[in-house]
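What follows is a set of notes on a single structure, which appears directly below.
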C-alpha cells in the first residue's frame, strides 16, 4: 500500500479532528483564564468570552456560564460538545491515528461525562483533559506514519490556533508565525487547499494591515475558514 | 488467574479507553455501548482443542466445496444428497453467482462457527456463519488488555497467543489478492453495529478502511480513490456489507453502501471478495442439517464434530415428530439471525403452541427444530459473586492457502439467568477464550 493513500472523506475527518481537538484544548485554556478573571470580581468577564466567539447568549451568572461551557452538549462551544465532535471524527480514523491515539479522546469523554454528573461549575478537575489532548498530539506525532494524514491533522490544528488567536486579539507576530507554519504543512497536501485564498491572506498579512478592527478580523477569519476544502 | 479477576475494573477501563463498543438500534435510535466483558476466561485444553480444530477445518473445507459446487456443477444436487428446494429457495442463494469461481476457488474465507458444549463435554455445532461473522476483535483486544493488566496470569498459564487474528486475516487476504493491488476493508460506516471491529481490524491488519463511495470500478478493475486524484488498484475487499447491498446494479438498486459493477469484475476474477457473495446458501439454517452429509460427500470422511440433533419439517417423518414434540424442542426460523426467530417450545402457552404448530404445518420449509441441548454453564462474576450462565463459542476458521482455526474464539454468555440467548444485540456479554498450549 502506498503510505500516503487517503480518501477525500478521510481527509475531511482528519482536518476536523485536528480542529475540534485543538478547539477543546484552547477553550479549556481560555475558560481557565476567564474563570480566573471572575475570581477577582470581574463577574461579567464571560460576556467578553462569548462576544469573541460570536455567541449571543445570556447566561445570567458566571456559574451558569461555566456549566454551559463545560457540559451543555447543545452549546457547540462546550467542552462536552467539542469532545463529541472530535470523537465523531476520530472514531472513523482508528487505522490512521491508532487505537492508542483514539484512547486519549475516549478518556477525555469519560472524564467530562463523569464531571457532568456532578453538574458542578468546577474547572479544577479539567487538567486530565488538557493532559490527554497534549498526549493525543504526542501520540499522533509518534504514530501517524502517513505524511498526508499528519499534514492534514496539523493544518486543522493550526487553523484552529489562528482562528482563536485572531478572535481573542493575540499579537500579530503570534498569528504570523502560526500562519507560516500552516503553509509548511499545506505544502505536503496541495490537494486540500485553495491557492487563491492563501494569496489573499498573504496579502492581508504581509501588507502589515493586521489590526483588531472587527471588519479586518471578520475578513481574515472568513478567509482562514475557507482555505481547506476539496479543490 | 485470581489477579486477573481482581483487576476486572481495570480491564473495563482499558476497554473504554480503546472504544471497545458495539452499536445497537433501539426504537430507531443508535446507541453505542460497551460490550460487557467477564474476566473469567473459558479454558479449552490442548487435547480438546486438537479435536475441535480438526473438526472445524473439516467442516469449513466441506462448506467451501459445497459453495463451489452449488454455483457451478451442482453435483451434490444431482446425486440427491441435498434437495434442490433447499438450495434454490434459500434467501442466501443468488442466481447472480451462478458460474462464478472466485479467486483460488474460495468462497468462505472467514467462517464463524457457533458451538456449544453439553454438560457431558460433547461439543455441538449450533450454526455456521459464512457471510460476515463478527466478533474476533473483542477477544483479541481483551487479551491485549488482560496481558497488560495481569501479566503474571500469562506467565503462569501457557495460553496460546490470540493476538495474531489480524495476521491470519492479512495472510488470507494476501493469498486471494494474488498481488493485484491493496487490501481494503469495506465498512457500511460509523453507525454499523460492528464498526469498532471494522476499524480495529483495519488498523491491525494494515488494510485500508474504505467507506461507501471510496471504491470505484473502472476498466474492469476496482480502485480506491485517493485524495490526490490517484487511483489505487484494489486486489481484495474484506467487505462488511451484506450481499444484497454490495452492488446496486446487480442487487438492491437503492443501495448506497456498495460499489456499482463490482459483481461484474468479481465474476471476471479481477477482484477477490472476502467473504464471497452468495455464501448465505451454505449457512442457511435448513442447509445446516445437510453439512454432515456434505462432509461425507465431498471429503469421504466421517464428521468429527456433531450437529445439534436437528429435524427438518420439510421431511414428513421429521414434521410429524416436530409437531408431536413442539413443547420440548427449540424452533428456529431459517431466515432469521442474531438470536431472533428462536422459540423454545417450553416457553409457549397453549395458545402460542397452537400458533407455532400451525406455522410449522403450513410452512415447513421455513423452520428447523432442534433438541434443547443442556449446555454447560460457565462461571461469570456478577456483583462480586460467581454465578453460572449459558454460553456459546464462536470459533473463527480462516481459509487461504491452508484452512486454519484461530486459537481462541468469542465466548458469549447470557446475562439473564433464565436465558439461552447469548447475542450481544440482546444484552449478552463476552469472555476471552483460552486455548492451552500444553
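Residue numbers (the numbering used here), protein chains in the order written: chain D, 1 to 231; chain C, 232 to 669.
In this text, a Cβ means the ideal position worked out from N, Cα and C, and glycines have one as well.
Is DSSP giving residue 158 of chain D helix, strand or coil here?
-> Within the first chain, the letter at position 158 stands for residue 158 of chain D. Here residue 158 of chain D sits in helix by DSSP.
In three-state terms, what does DSSP make of residue 40 of chain D?
-> In the first chain, counting from the first residue as 1, residue 40 of chain D sits at position 40. DSSP places residue 40 of chain D in coil when its eight states are reduced to three.
Which full runs of the beta strand (DSSP E) of 3+ residues lie inside the stretch 535-609 of chain C, going along the chain?
-> 560-564, 573-575, 598-602
Does any CB atom of chain E fall closer than 7 Å to the CB of residue 102 of chain D?
-> Among the chains of the structure shown, chain E does not appear; the protein chains present are D and C.
Evaluate residue 51 of chain D with the Cβ neighbour count: other Cβ atoms within 10 Å of its Cβ, from every protein chain shown; 16 or more gives buried, anything less gives exposed.
-> Translated into the one-based positions of the first chain, residue 51 of chain D becomes position 51. It counts as exposed.
Out of curiosity, what's the CA-to-CA distance linking residue 335 of chain C and residue 407 of chain C?
-> Start at 1 with the first residue of the second chain, and residue 335 of chain C comes out as number 104. Start at 1 with the first residue of the second chain, and residue 407 of chain C comes out as number 176. Approximately 6 Å between the Cα atoms of the pair.
Looking only at its own chain, which residues have a Cβ that is under 6 Å from the Cβ of residue 468 of chain C, when we skip the five neighbours before and after it?
-> Along the second chain, one-based indexing puts residue 468 of chain C at 237. Here the set comprises 415, 417, 504.
Quick one: which chain D residues come within Cβ less than 7 Å of residue 547 of chain C?
-> As a first step, residue 547 of chain C is located in the second chain; it is residue number 316 there, counting from the start. Ordered by position in chain D, no residue passes the 7 Å Cβ test against residue 547 of chain C, which lies about 53 Å from the chain.
Alpha-carbon spacing of residue 330 of chain C relative to residue 221 of chain D, whole angstroms | Within the second chain, residue 330 of chain C is the residue found at index 99, counting from 1. Within the first chain, residue 221 of chain D is the residue found at index 221, counting from 1. Between residue 330 of chain C and residue 221 of chain D, the C-alpha separation is close to 60 Å.
Distance, Cα to Cα, residue 369 of chain C vs residue 181 of chain D?
-> Sequence index remark: in the second chain, residue 369 of chain C carries index 138 (1-based). Sequence index remark: in the first chain, residue 181 of chain D carries index 181 (1-based). Their backbone Cα atoms lie some 41 Å apart in a straight line.
Please look up how many angstroms separate the CB atoms of residue 225 of chain C and residue 291 of chain C, rounded, as I've assumed it's under 8 Å.
-> Beyond the ends of chain C as shown, which are 232 and 669, falls residue 225 of chain C; an answer cannot be given.
From residue 640 of chain C to residue 535 of chain C, what does the alpha carbon distance come to, in whole angstroms?
-> The residue labelled residue 640 of chain C in the question sits at position 409 within the second chain. The residue labelled residue 535 of chain C in the question sits at position 304 within the second chain. Cα-Cα distance, rounded: 19 Å.
Residue interval of the alpha helix (DSSP H) (run including residue 307 of chain C) = One-based indexing of the second chain puts residue 307 of chain C at position 76. Where residue 307 of chain C is concerned, the enclosing alpha helix (DSSP H) stretches over 306-309.
Which residues in the same chain have their Cβ closer than 7 Å to the Cβ of residue 378 of chain C, if we skip the five residues on either side of it in sequence?
-> Counted from its first residue, the second chain places residue 378 of chain C at position 147. If we look at residue 378 of chain C and ignore the five residues flanking it on each side, its Cβ neighbours are 385.
For residue 345 of chain C, the three-state DSSP class (helix, strand or coil) = Taking the first residue of the second chain as 1, we reach residue 345 of chain C at position 114. DSSP places residue 345 of chain C in strand when its eight states are reduced to three.
Nearest-angstrom Cα separation, counted from residue 305 of chain C out to residue 295 of chain C = Taking the first residue of the second chain as 1, we reach residue 295 of chain C at position 64. Taking the first residue of the second chain as 1, we reach residue 305 of chain C at position 74. Rounded to the nearest angstrom, the two C-alpha atoms are 13 Å apart.
Contact check, residue 317 of chain C vs residue 518 of chain C under 8 Å by CB: the rounded distance?
-> Position 86 of the second chain holds residue 317 of chain C. Position 287 of the second chain holds residue 518 of chain C. Confirmed, Cβ separation roughly 6 Å.
Are the stretch 646-664 of chain C and the stretch 250-268 of chain C touching, with three or more C-beta to C-beta distances below 8 Å?
-> yes
What do you get for residue 80 of chain D, buried or exposed, if any count of 16 or more other CB atoms within 10 angstroms of its CB means buried?
-> Residue mapping note: residue 80 of chain D aligns to position 80 of the first chain, counting from 1. Result: buried.
In terms of alpha-carbon separation, which member of D/192, D/193, D/218, D/147 lies closest to residue 204 of chain D?
-> Locating residue 204 of chain D in the first chain gives position 204, counting from the first residue. Closest by alpha carbon: D/218.
Can you check the stretch 313-377 of chain C for any beta strand (DSSP E) of at least 3 residues that lies completely inside it and give the ranges in chain order?
-> 341-348, 354-360
Hey, could you find the ends of the alpha helix (DSSP H) residue 494 of chain C is sitting in?
-> To locate residue 494 of chain C, count along the second chain from 1; it is residue 263. From DSSP, the alpha helix (DSSP H) with residue 494 of chain C extends over 493-498.
From C/531, C/523, C/596, C/566, residue whose alpha carbon lies closest to that of residue 549 of chain C = Here residue 549 of chain C refers to the residue found at position 318 of the second chain. Looking at the Cα atoms, C/596 is the closest of the given residues.
Which whole-angstrom value describes the C-beta separation of residue 162 of chain D and residue 11 of chain D, a residue pair presumed to lie in contact below a C-beta threshold of 8 Å?
-> Counting from one through the first chain, the residue named residue 162 of chain D turns up at place 162. Counting from one through the first chain, the residue named residue 11 of chain D turns up at place 11. Residue 162 of chain D to residue 11 of chain D, Cβ: 20 Å. No contact.
Endpoints, the beta strand (DSSP E) within which residue 469 of chain C is located | Indexing the second chain from 1 puts residue 469 of chain C at position 238. It spans 462-470 - the beta strand (DSSP E) in which residue 469 of chain C sits, taken as one unbroken run.
In terms of residue numbering, what span does the alpha helix (DSSP H) encompassing residue 286 of chain C cover?
-> Start at 1 with the first residue of the second chain, and residue 286 of chain C comes out as number 55. Taken as a continuous stretch (DSSP letters only), the alpha helix (DSSP H) holding residue 286 of chain C covers 277-301.
In the DSSP assignment, what residue or residues form a beta bridge with residue 454 of chain C?
-> Looking up residue 454 of chain C in the second chain gives position 223. Residue 454 of chain C pairs with C/447, C/464.
Alpha-carbon to alpha-carbon, residue 200 of chain D and residue 231 of chain D | Here residue 231 of chain D corresponds to residue number 231 of the first chain, with the count starting at 1. Here residue 200 of chain D corresponds to residue number 200 of the first chain, with the count starting at 1. A caution first: residue 231 of chain D carries a pLDDT of 49, below 50, which makes its placement in the model unreliable, though a value can still be read off. Cα to Cα, the separation comes out at about 17 Å.
For the ligand SAH, is there a heavy atom less than 6 Å away from the beta-carbon of residue 159 of chain D?
-> The ligand SAH is absent from the structure shown, which contains no ligand whatsoever.
Can you grab the Cα-Cα spacing for the pair residue 271 of chain C / residue 614 of chain C, in whole Å?
-> Reading the second chain from its first residue, position 40 is the one you call residue 271 of chain C. Reading the second chain from its first residue, position 383 is the one you call residue 614 of chain C. Their backbone Cα atoms lie some 14 Å apart in a straight line.
Counting contacts by CB-CB distance shorter than 7 Å, is residue 121 of chain D in contact with chain C?
-> Indexing the first chain from 1 puts residue 121 of chain D at position 121. Cβ-Cβ to chain C under 7 Å: no for residue 121 of chain D.
Chain C residues whose Cβ lies nearer than 7 Å to that of residue 110 of chain D | As a first step, residue 110 of chain D is located in the first chain; it is residue number 110 there, counting from the start. Chain C residues near residue 110 of chain D: 247.
is_contact[residue 398 of chain C, chain D] using C-beta, thresh 7 Å | Mapped onto the second chain, residue 398 of chain C falls at position 167. It does not; no Cβ of chain D falls within 7 Å.
For residue 522 of chain C, count neighbouring Cβ atoms within 10 angstroms of its own Cβ and tell me buried if that reaches 16, exposed if not.
-> Within the second chain, the letter at position 291 stands for residue 522 of chain C. Buried is the call here.
So, do the stretch 588-604 of chain C and the stretch 544-558 of chain C have three or more beta carbon pairs nearer to each other than 8 Å?
-> yes
By DSSP, does residue 130 of chain D sit in helix, in strand, or in coil?
-> As a working mapping, residue 130 of chain D is identified with position 130 in the first chain. Helix, per DSSP.
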